[in-house]
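>
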Amino acid sequence: MSRFYLSHIRGVDEEWTAAFVRDLSAAVAARTGEAADRIAVRADPHVPGAAVEQMAAATTMVVLHAPGYFGQSYCAAEWTYFQQRAQVLWSRTGRTADAIIPVVWEPTGQPLPAAVRRQAPLAVDSAAYARDGVLHLLRLKARYAEDYRRVVAALADRVAATHGRPLPEVPGFDAGSSGSFSFPVLPAEPGEGQRAVRFVMAAAAADDLPAERTATEFYGRSPTDWTPYAPGQPGVLAALLRDTAAALDFAPTVLALDEETVGRVRSGARAEELLVLLVDAWAAGLREKRALLESLDAEVADTVAVLEPRNRDDPQTTAHAPELDGFLDRALPSLRRHATELERWGLPDVEKFTTALRKALIRAQNDAIKSSQAGRRLPTPPGGLDSFPLLGRSFS
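Using numbering that gives the first Met the number 0, read the sequence shown as starting at 0 and increasing by one per residue.
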């Protein structure tokens with residue numbers, strides 16, 4: 000059994016995170032006599048969702064708390080999973096457990112959330128750690144070597160103390176066939192400096208698909224369960240949207256395309272928020288969805304960002320490609336005829352989708368800033384979208 004599971008915002012500062020894990024693992028190994036390479040376990044930074052099998056193998060979870068941590072659905076899921084394990088232990092034995100050890104990775108500028116304070120955040124005799132967090136100490140290790148050593152030692156002591164105290168599993172927890180799950184996140188209210196983004200899914204529930212669309216494993220009970228790249232895992236796309244937006248400091252909300260959503264656009268509610276449309280080409284062939292898409296096409300064709308996932312590993316979709324293109328052409332004539340940098344059609348895999356999503360968000364945010372300053376949308380800069388940086392790595 001691994002000694003600790005690392006919970007952190009993935010795809011950001013990965014090299015520094017790996018260095019910290021190595022140092023902490025070595026310190027724990029020195030205290031327990033175990034092999035350092037068997038101390039820590041962490042999820043693949045390129046895979047969305049929480050890895051239940053890996054979490055179950057750990058006796059505690061080390062949390063690298065930073066701005067936006069709870070905005071990541073997988074971080075919230077990881078936190079809840081270990082919290083529930085501790086609750087099960089208490090209900091069975093009356094014993095408490097050091098199941099979650101929060102560490103200040105980067106300060107948020109605000110007091111730690113109550114949920115974090117209840118878990119006894121790491122206490123270290125270091126003013127530099129309290130002020131700047133571990134990441135700063137690690138980056139300037141030559142200057143803060145003693146402070147960093149104190150942080151690692153104090154954390155290693157707490158991790159090593161969980162030796163021989165395994166946490167129970169969560170009864171009735173359904174991890175699904177892939178060993179991962181999604182945690183529902185409430186719609187986020189924009190914080191200071193954040194901009195709201197609404198992701199609108201133009202998809203159908205499994206029960207509402209056209210007769211010829213028999214591959215229902217890509218759908219769920221509601222349109223927002225659409226999962227074009229992860230069949231059998233409803234909600235994965237919605238979680239990826241939230242996580243990617245939160246990592247870029249947006250306050251995301253995921254909605255289904257319906258009359259209420261279109262009504263918000265018509266009423267001008269979108270003036271202070273970004274709108275990203277996710278289109279399933281199969282849904283574009285349904286009469287009700289087509290009418291709603293036509294309304295959006297007429298109202299916001301010059302400002303909305305559009306992404307169309309089309310999994311190359313979905314043989315039914317590949318076989319019907321000409322027909323699906325026709326559905327899109329009829330439902331979104333303006334968007335299909337006048338392509339802009341905010342549109343990406345036929346995205347064949349999750350990596351290309353995530354890259355396109357990040358670019359669209361960055362570009363839309365820049366356009367919104369320019370529009371608010373100049374009162375009009377400015378043309379695409381020379382060099383196209385590639386002149387804007389793609390921050391970090393994909394799947395963050």
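Beta carbons: idealized from backbone N, C-alpha and C, even for Gly.
Please determine, among Cys74, Thr226, Val20, the residue with the shortest C-alpha to C-alpha distance to Ala35.
Closest option to Ala35, Cα to Cα, is Val20.
> Does the distance from the CB of Leu134 to the CB of Trp15 come in under 8 Å?
Yes, the pair counts as a contact, with Cβ atoms nearer than the cut-off.
> Is Val20 helix, strand or coil by DSSP?
Val20: helix per DSSP, three-state reduction.
> By alpha-carbon positions, which one of Asp296, His7, Phe3 ends up nearest to Ala25?
Closest option to Ala25, Cα to Cα, is Phe3.
> Determine the DSSP secondary structure at Gly345, reduced to helix, strand or coil.
Looking at Gly345 - three-state DSSP - the assignment turns out to be strand.
> Determine the contact status of Leu334 and Arg309, defining contact as a CB-CB distance below 8 Å.
Not a contact, by the Cβ cut-off of 8 Å.
> Return yes when at least one heavy atom of the ligand FAD lies under 7 Å from the C-beta of Leu306, else no.
Among the components of this structure there are no ligands whatsoever, and the ligand FAD is therefore not found.
> Going by other Cβ atoms of all chains shown within 10 Å of its Cβ, with 16 needed for buried, is Gln315 buried or exposed?
Exposed: under 16 other Cβ atoms inside 10 Å.
> Quick one: give me the first and last residue of the beta strand (DSSP E) that Tyr4 is part of.
Looking at the DSSP string, the run of the beta strand (DSSP E) that includes Tyr4 is 3-6.
> Which residue's Cα is closest to the Cα of Ser72: Trp104, Val278, Val303, Thr243?
That would be Thr243, whose Cα lies nearest to the Cα of Ser72.
> Going by C-alpha distance, which of Ile8, Ala55, Val62, Gln53 is nearest Leu23?
When each option's Cα is compared against that of Leu23, the closest is Val62.
> Taking 8 Å as the threshold, find out whether the stretch 231-251 comes into contact with the stretch 66-85 through three or more Cβ pairs.
Output reads yes: the stretch 66-85 touches the stretch 231-251.
> On the three-state DSSP scale, how would you describe Pro165?
In the structure shown, Pro165 sits in coil (DSSP, three-state: anything other than H, G, I, E or B).
> Output the distance between the C-alpha atoms of Val103 and Val150, rounded to the nearest integer angstrom.
Roughly 10 Å between the two C-alpha positions.
> Sorted by chain position, which residues of the same chain lie with C-beta nearer than 7 Å to Ser125's C-beta, five sequence neighbours on each side aside?
Asp146, Arg149, Val150, listed in sequence order.
> Cβ of Thr59 within 8 Å of Cβ of Ala98?
In this structure, Ala98 lies closer than 8 Å to Thr59 by Cβ.
> Does the pairing of the stretch 223-237 with the stretch 195-204 give three or more beta-carbon distances under 8 Å?
As far as the Cβ criterion goes, the stretch 223-237 touches the stretch 195-204, which means the pair count is three or higher.
> Which residue spans inside the stretch 214-297 form an unbroken alpha helix (DSSP H) run of at least 4?
Listed in chain order, they are 235-246, 258-265.
> Does Arg329 get closer than 8 Å to chain B when you measure Cβ to Cβ?
Checking the listed chains, one finds no chain B in this structure; it contains a single protein chain.
> Look up His319 in the DSSP assignment and say whether it is helix, strand or coil.
Reduced to three states, the DSSP call for His319 is coil.
> Can you tell me whether Pro110 is buried or exposed? The criterion is at least 16 other CB atoms within 10 Å of its CB, across all chains shown.
Pro110 is exposed by the Cβ-count criterion.
> Taking Ala246 as the reference, which of Tyr218, Val115, Tyr68, Ala297 has the closest Cα?
Checked all of Tyr218, Val115, Tyr68, Ala297; the closest Cα to Ala246 is Tyr68.
> Please go through the same chain and pick out, in chain order, the residues whose beta-carbon is closer than 6 Å to the beta-carbon of Gly132, but skip the five residues on each side of it.
If we look at Gly132 and ignore the five residues flanking it on each side, its Cβ neighbours are Val103, Trp104, Glu105, Pro106.
> Alpha carbon to alpha carbon, how far is Glu350 from Gly383? Give it in angstroms, no decimals.
In this prediction, Gly383 scores a pLDDT of 43, lower than 50, which makes its location untrustworthy; no coordinate-derived value is stated.
> How would you write the range of the beta strand (DSSP E) that Pro101 sits in, first residue to last?
Element bounds for Pro101: 99-103.
> Grab the span of the alpha helix (DSSP H) containing Ala398 for me, first residue to last.
The requested residue 398 does not occur in the structure, where the chain is confined to residues 0 to 395.
> Taking the alpha carbon of Glu211 as the reference point, which residue from Gly231, Ala141, Leu285, Thr161 has its own alpha carbon closest?
The shortest Cα separation from Glu211 among Gly231, Ala141, Leu285, Thr161 belongs to Leu285.
> Starting from the C-beta of Arg41, find all residues in its chain whose C-beta is less than 6 Å away, skip the five residues before and the five after it, and write them out in chain order.
For Arg41, where only same-chain residues beyond five positions count, the Cβ hits under 6 Å are Leu5.
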